[in-house]
Amino acid sequence: MLGNWPQRLKRTSARWRYLGQIGTPFLRQSSSASPPPFNPRSTFKLTEPPYPAWNIGHGLPASFAIQEGQESARKTWDMGTTPSRDAYRLLTSAIVPRPIALVSTVSAEGHTNLAPFRFACLMHLVSHNPPMVSIAFSLSPRRPKDTRENILNTKEFTVNIISESFVEAANATAVESPADVNEWIVSGLTMEPSAAVKPSIVKESPVCMECELYSSQDISPPNSSDITTTVVFGLIKKVHVRESILVDDGTSIDPSKLRPIARLGGRAYGRLLEGFNLPSVVWKSVREDYHNLAKRQDP
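Structure follows, in C-alpha coordinates:
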(Lines of atoms letter the chains of each structure in order from A; the text may use other names.)
(Lines give C-alpha, C1' and ligand atoms only; values in the text may rest on other atoms or scores of the structure.)
Protein backbone atom coordinates (compact mmCIF):
# COMPACT_ATOMS: atom_id res chain seq x y z
CA MET A 8 0.00 0.00 0.00
CA LEU A 9 2.89 2.37 0.77
CA GLY A 10 5.29 0.96 -1.83
CA ASN A 11 5.53 4.18 -3.88
CA TRP A 12 5.49 6.43 -0.84
CA PRO A 13 8.87 8.18 -1.48
CA GLN A 14 7.80 9.14 -5.02
CA ARG A 15 4.46 10.45 -3.79
CA LEU A 16 6.17 12.39 -1.04
CA LYS A 17 8.45 13.99 -3.67
CA ARG A 18 5.43 15.08 -5.70
CA THR A 19 3.74 16.46 -2.59
CA SER A 20 6.88 18.36 -1.58
CA ALA A 21 7.00 19.92 -5.04
CA ARG A 22 3.38 20.97 -4.66
CA TRP A 23 4.12 22.52 -1.25
CA ARG A 24 7.00 24.49 -2.81
CA TYR A 25 4.65 25.74 -5.51
CA LEU A 26 2.02 26.81 -2.98
CA GLY A 27 4.76 28.62 -1.09
CA GLN A 28 5.62 30.55 -4.25
CA ILE A 29 2.04 31.79 -4.58
CA GLY A 30 1.66 32.37 -0.85
CA THR A 31 1.98 35.54 1.18
CA PRO A 32 5.11 37.35 -0.13
CA PHE A 33 6.38 38.69 3.20
CA LEU A 34 6.25 35.19 4.65
CA ARG A 35 8.34 33.60 1.91
CA GLN A 36 11.74 32.44 3.07
CA SER A 37 14.76 33.74 1.19
CA SER A 38 16.69 30.93 -0.49
CA SER A 39 19.92 32.30 1.00
CA ALA A 40 18.69 32.52 4.59
CA SER A 41 17.48 30.05 7.17
CA PRO A 42 14.94 30.89 9.86
CA PRO A 43 16.06 30.68 13.49
CA PRO A 44 15.35 27.40 15.28
CA PHE A 45 11.98 26.86 16.95
CA ASN A 46 12.03 28.01 20.58
CA PRO A 47 9.93 25.62 22.70
CA ARG A 48 10.48 27.80 25.80
CA SER A 49 8.46 30.70 24.37
CA THR A 50 5.08 30.69 26.11
CA PHE A 51 1.91 32.75 26.15
CA LYS A 52 1.94 35.88 28.32
CA LEU A 53 -0.41 38.78 28.98
CA THR A 54 0.52 42.38 28.15
CA GLU A 55 -1.27 45.72 28.30
CA PRO A 56 -3.69 46.36 25.43
CA PRO A 57 -2.26 48.35 22.50
CA TYR A 58 -3.60 51.73 23.74
CA PRO A 59 -4.55 51.61 27.45
CA ALA A 60 -5.58 55.30 27.45
CA TRP A 61 -8.27 54.76 24.80
CA ASN A 62 -11.68 56.25 25.65
CA ILE A 63 -15.04 56.46 23.95
CA GLY A 64 -14.89 58.33 20.65
CA HIS A 65 -11.09 58.11 20.30
CA GLY A 66 -11.18 55.89 17.22
CA LEU A 67 -7.76 54.87 15.91
CA PRO A 68 -4.90 56.64 17.76
CA ALA A 69 -2.76 58.82 15.46
CA SER A 70 0.43 56.90 16.20
CA PHE A 71 -1.20 53.66 15.06
CA ALA A 72 -2.68 55.33 11.98
CA ILE A 73 0.81 56.25 10.80
CA GLN A 74 2.24 52.85 11.71
CA GLU A 75 -0.51 50.94 9.87
CA GLY A 76 -0.42 53.09 6.73
CA GLN A 77 -3.94 54.43 7.09
CA GLU A 78 -3.32 57.07 4.42
CA SER A 79 -2.19 54.62 1.76
CA ALA A 80 -4.50 53.86 -1.16
CA ARG A 81 -6.65 50.73 -1.26
CA LYS A 82 -6.41 48.06 -3.92
CA THR A 83 -9.77 46.51 -4.78
CA TRP A 84 -10.57 43.00 -6.06
CA ASP A 85 -13.84 42.33 -7.85
CA MET A 86 -14.45 38.84 -6.53
CA GLY A 87 -16.90 38.07 -9.32
CA THR A 88 -14.08 38.22 -11.88
CA THR A 89 -11.08 37.24 -9.74
CA PRO A 90 -9.64 33.83 -10.73
CA SER A 91 -10.07 31.13 -8.11
CA ARG A 92 -6.32 30.78 -7.47
CA ASP A 93 -5.95 34.53 -6.88
CA ALA A 94 -9.00 34.53 -4.60
CA TYR A 95 -7.42 31.72 -2.58
CA ARG A 96 -4.16 33.63 -2.18
CA LEU A 97 -5.95 36.82 -1.13
CA LEU A 98 -8.50 35.38 1.28
CA THR A 99 -6.21 32.91 3.03
CA SER A 100 -3.81 35.75 3.82
CA ALA A 101 -6.59 38.16 4.87
CA ILE A 102 -8.75 36.00 7.12
CA VAL A 103 -6.15 35.18 9.77
CA PRO A 104 -5.41 33.65 12.15
CA ARG A 105 -7.52 30.56 11.43
CA PRO A 106 -7.98 27.73 13.93
CA ILE A 107 -6.82 24.33 12.76
CA ALA A 108 -7.71 20.85 13.91
CA LEU A 109 -7.51 17.22 12.88
CA VAL A 110 -10.81 15.57 11.94
CA SER A 111 -11.08 11.81 12.38
CA THR A 112 -13.71 9.80 10.48
CA VAL A 113 -14.54 6.23 9.54
CA SER A 114 -16.02 5.24 6.17
CA ALA A 115 -19.15 3.13 5.77
CA GLU A 116 -16.80 0.22 4.97
CA GLY A 117 -14.82 0.76 8.18
CA HIS A 118 -11.74 2.52 6.75
CA THR A 119 -10.26 5.21 9.01
CA ASN A 120 -9.34 8.70 7.82
CA LEU A 121 -7.48 11.58 9.47
CA ALA A 122 -7.24 15.05 7.89
CA PRO A 123 -6.23 18.59 8.95
CA PHE A 124 -8.74 21.42 8.56
CA ARG A 125 -7.29 24.89 8.10
CA PHE A 126 -8.50 26.23 4.64
CA ALA A 127 -9.22 25.28 1.88
CA CYS A 128 -10.98 23.11 4.47
CA LEU A 129 -11.93 25.09 7.55
CA MET A 130 -13.17 24.31 11.07
CA HIS A 131 -15.02 26.82 13.28
CA LEU A 132 -17.04 26.96 16.47
CA VAL A 133 -20.63 27.87 15.54
CA SER A 134 -22.46 27.96 18.85
CA HIS A 135 -22.30 26.93 22.49
CA ASN A 136 -26.09 26.45 22.68
CA PRO A 137 -26.36 23.98 21.13
CA PRO A 138 -22.62 23.17 21.18
CA MET A 139 -21.75 23.01 17.49
CA VAL A 140 -18.83 23.21 15.07
CA SER A 141 -18.79 23.70 11.32
CA ILE A 142 -16.42 22.25 8.74
CA ALA A 143 -16.20 23.67 5.23
CA PHE A 144 -14.92 21.53 2.36
CA SER A 145 -13.59 23.11 -0.83
CA LEU A 146 -14.38 20.44 -3.40
CA SER A 147 -12.20 19.24 -6.26
CA PRO A 148 -13.55 17.82 -9.53
CA ARG A 149 -10.68 15.30 -9.49
CA ARG A 150 -11.65 13.40 -6.36
CA PRO A 151 -14.25 13.61 -3.56
CA LYS A 152 -13.07 14.58 -0.09
CA ASP A 153 -12.85 11.42 2.00
CA THR A 154 -13.72 13.24 5.22
CA ARG A 155 -16.81 14.83 3.66
CA GLU A 156 -18.04 11.52 2.27
CA ASN A 157 -17.46 9.74 5.57
CA ILE A 158 -19.32 12.35 7.61
CA LEU A 159 -22.29 12.42 5.23
CA ASN A 160 -22.46 8.62 5.15
CA THR A 161 -21.84 7.72 8.81
CA LYS A 162 -22.97 10.96 10.56
CA GLU A 163 -20.04 10.88 13.00
CA PHE A 164 -16.59 12.49 13.39
CA THR A 165 -14.16 13.81 15.97
CA VAL A 166 -12.38 17.19 16.08
CA ASN A 167 -8.91 17.26 17.65
CA ILE A 168 -7.16 20.56 18.40
CA ILE A 169 -3.57 20.78 17.10
CA SER A 170 -0.81 21.93 19.46
CA GLU A 171 2.77 22.97 18.72
CA SER A 172 4.21 19.64 19.79
CA PHE A 173 2.72 17.59 16.94
CA VAL A 174 2.04 20.13 14.19
CA GLU A 175 4.44 18.44 11.74
CA ALA A 176 2.69 15.11 12.25
CA ALA A 177 -0.69 16.77 11.73
CA ASN A 178 0.55 18.49 8.58
CA ALA A 179 1.63 15.15 7.09
CA THR A 180 -1.98 13.93 7.08
CA ALA A 181 -2.73 16.45 4.30
CA VAL A 182 -0.66 14.48 1.79
CA GLU A 183 -2.50 13.82 -1.48
CA SER A 184 -2.40 10.03 -1.53
CA PRO A 185 -4.52 7.13 -2.80
CA ALA A 186 -7.70 6.49 -0.85
CA ASP A 187 -6.31 3.32 0.73
CA VAL A 188 -3.38 5.10 2.43
CA ASN A 189 -3.77 5.27 6.22
CA GLU A 190 -3.05 8.81 7.46
CA TRP A 191 -2.60 7.53 11.00
CA ILE A 192 0.43 5.55 9.78
CA VAL A 193 1.73 8.52 7.77
CA SER A 194 1.56 10.85 10.78
CA GLY A 195 2.58 8.39 13.49
CA LEU A 196 -0.22 9.74 15.68
CA THR A 197 -2.12 7.44 18.04
CA MET A 198 -5.75 6.33 17.84
CA GLU A 199 -7.64 6.51 21.14
CA PRO A 200 -11.16 5.06 21.44
CA SER A 201 -14.01 7.56 21.62
CA ALA A 202 -16.81 7.23 24.15
CA ALA A 203 -19.89 7.87 22.00
CA VAL A 204 -18.88 7.73 18.31
CA LYS A 205 -16.99 5.23 16.17
CA PRO A 206 -14.16 7.50 14.87
CA SER A 207 -11.17 7.65 17.21
CA ILE A 208 -9.85 10.73 18.92
CA VAL A 209 -6.16 11.67 18.61
CA LYS A 210 -4.30 10.69 21.79
CA GLU A 211 -1.70 13.44 21.31
CA SER A 212 -4.37 16.17 21.10
CA PRO A 213 -5.06 18.00 24.40
CA VAL A 214 -8.66 18.82 23.37
CA CYS A 215 -10.88 16.35 21.51
CA MET A 216 -14.56 16.64 20.58
CA GLU A 217 -16.90 13.82 19.61
CA CYS A 218 -19.50 15.04 17.12
CA GLU A 219 -22.51 13.84 15.17
CA LEU A 220 -23.78 15.36 11.93
CA TYR A 221 -26.47 18.00 12.55
CA SER A 222 -26.96 19.21 8.97
CA SER A 223 -25.06 19.96 5.76
CA GLN A 224 -25.26 22.62 3.07
CA ASP A 225 -23.92 22.46 -0.49
CA ILE A 226 -22.80 25.80 -1.98
CA SER A 227 -22.59 26.78 -5.65
CA PRO A 228 -21.22 29.97 -7.26
CA PRO A 229 -23.84 32.50 -8.44
CA ASN A 230 -25.56 31.43 -11.69
CA SER A 231 -24.01 27.96 -11.52
CA SER A 232 -25.24 24.52 -10.52
CA ASP A 233 -21.71 23.26 -9.79
CA ILE A 234 -21.20 22.46 -6.11
CA THR A 235 -17.83 23.89 -5.07
CA THR A 236 -18.17 23.81 -1.28
CA THR A 237 -19.98 21.77 1.34
CA VAL A 238 -20.44 22.98 4.91
CA VAL A 239 -21.29 20.40 7.56
CA PHE A 240 -22.54 21.30 11.03
CA GLY A 241 -21.62 18.93 13.83
CA LEU A 242 -23.34 18.69 17.20
CA ILE A 243 -20.67 18.29 19.89
CA LYS A 244 -21.63 15.32 22.07
CA LYS A 245 -18.56 15.07 24.31
CA VAL A 246 -15.43 17.17 24.91
CA HIS A 247 -12.28 15.56 26.35
CA VAL A 248 -9.65 17.93 27.81
CA ARG A 249 -6.39 16.97 29.50
CA GLU A 250 -6.54 18.16 33.10
CA SER A 251 -2.98 19.50 32.85
CA ILE A 252 -4.07 22.35 30.53
CA LEU A 253 -7.08 23.55 32.55
CA VAL A 254 -7.10 26.77 34.59
CA ASP A 255 -7.14 26.40 38.38
CA ASP A 256 -10.92 26.14 38.76
CA GLY A 257 -11.11 23.51 36.01
CA THR A 258 -13.78 25.30 33.96
CA SER A 259 -11.75 26.48 30.96
CA ILE A 260 -8.43 26.05 29.17
CA ASP A 261 -5.17 27.91 29.77
CA PRO A 262 -3.79 29.04 26.36
CA SER A 263 -0.22 28.97 27.67
CA LYS A 264 -0.64 25.22 28.23
CA LEU A 265 -2.76 24.46 25.17
CA ARG A 266 -0.13 26.06 22.88
CA PRO A 267 -2.48 26.16 19.87
CA ILE A 268 -1.39 26.62 16.27
CA ALA A 269 -3.10 28.95 13.77
CA ARG A 270 -2.95 29.01 9.98
CA LEU A 271 -1.83 32.17 8.16
CA GLY A 272 -1.34 32.83 4.42
CA GLY A 273 0.73 30.66 2.10
CA ARG A 274 2.49 27.89 4.03
CA ALA A 275 2.82 29.95 7.22
CA TYR A 276 1.54 29.01 10.66
CA GLY A 277 1.41 31.09 13.82
CA ARG A 278 1.87 30.60 17.56
CA LEU A 279 -0.11 32.23 20.36
CA LEU A 280 2.58 34.01 22.38
CA GLU A 281 0.99 37.24 23.65
CA GLY A 282 -2.47 38.44 24.55
CA PHE A 283 -4.25 41.15 26.52
CA ASN A 284 -7.53 41.65 28.36
CA LEU A 285 -10.05 44.33 27.42
CA PRO A 286 -12.79 45.44 29.85
CA SER A 287 -16.41 45.25 28.75
CA VAL A 288 -17.82 48.68 27.89
CA VAL A 289 -20.72 49.47 30.26
CA TRP A 290 -23.25 51.98 28.92
CA LYS A 291 -23.76 53.72 32.27
CA SER A 292 -20.07 54.54 32.48
CA VAL A 293 -19.85 56.05 28.97
CA ARG A 294 -23.34 57.55 28.57
CA GLU A 295 -22.37 61.10 29.56
CA ASP A 296 -19.26 61.09 27.33
CA TYR A 297 -21.34 59.81 24.43
CA HIS A 298 -23.96 62.56 24.75
CA ASN A 299 -21.23 65.22 24.93
CA LEU A 300 -19.63 63.83 21.75
CA ALA A 301 -22.99 63.64 19.99
CA LYS A 302 -23.77 67.28 20.81
CA ARG A 303 -20.51 68.42 19.19
CA GLN A 304 -21.46 66.64 15.97
CA ASP A 305 -24.98 68.09 15.76
CA PRO A 306 -25.30 70.59 12.86
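Per our numbering, residue 8 is the first one in the sequence shown, and the count goes up by one each step. Glycine included, C-beta positions come from ideal geometry on N, C-alpha and C. Small disclaimer: the values here were computed from a predicted structure and weren't measured.
Residue nearest to residue i in terms of C-alpha spacing, selected from the options
i, options, result
"phenylalanine 173", "Leu285, Ser194 and Thr154", "Ser194"
"alanine 177", "Ser232, Val166, Pro90 and Asn230", "Val166"
"glutamate 217", "Gly257, Lys162 and Leu196", "Lys162"
"proline 330", "Asn284, Thr83 and Leu121", "Residue coverage of the chain in this structure runs from 8 to 306, which leaves residue 330 outside it and unanswerable."
"threonine 83", "Arg92, Ser70 and Leu97", "Leu97"
"threonine 154", "Ile234, Thr50 and Ala181", "Ala181"
Beta-ladder partner(s) of residue i, from DSSP
i, result
"valine 248", "Val214"
"asparagine 120", "Thr112"
"serine 223", "Val239"
"methionine 198", "Val209"
Distance, residue j Cα to residue i Cα
i, j, result
"arginine 7", "valine 289", "Since the first residue of the chain shown is 8 and the last is 306, residue 7 is not available in this structure."
"proline 185", "lysine 152", "12 angstroms"
"asparagine 189", "threonine 119", "7 angstroms"
"glutamate 211", "alanine 94", "34 angstroms"
"asparagine 157", "proline 42", "39 angstroms"
"isoleucine 107", "leucine 146", "18 angstroms"
"serine 231", "histidine 247", "42 angstroms"
"glycine 30", "lysine 264", "Note on glycine 30: pLDDT 47, under 50, position unreliable in the model; no value is reported."
"leucine 159", "methionine 198", "22 angstroms"
"threonine 236", "phenylalanine 144", "5 angstroms"
DSSP three-state assignment for residue i, whether helix, strand or coil
i, result
"serine 134", "strand"
"lysine 52", "strand"
"leucine 146", "coil"
"isoleucine 102", "coil"
"proline 262", "helix"
"alanine 177", "helix"
"isoleucine 323", "Any question about residue 323 goes unanswered here, given that the chain covers just 8 to 306."
"valine 140", "strand"
"alanine 323", "Not covered by the structure: residue 323. The range shown for the chain is 8 to 306."
"glutamate 163", "strand"
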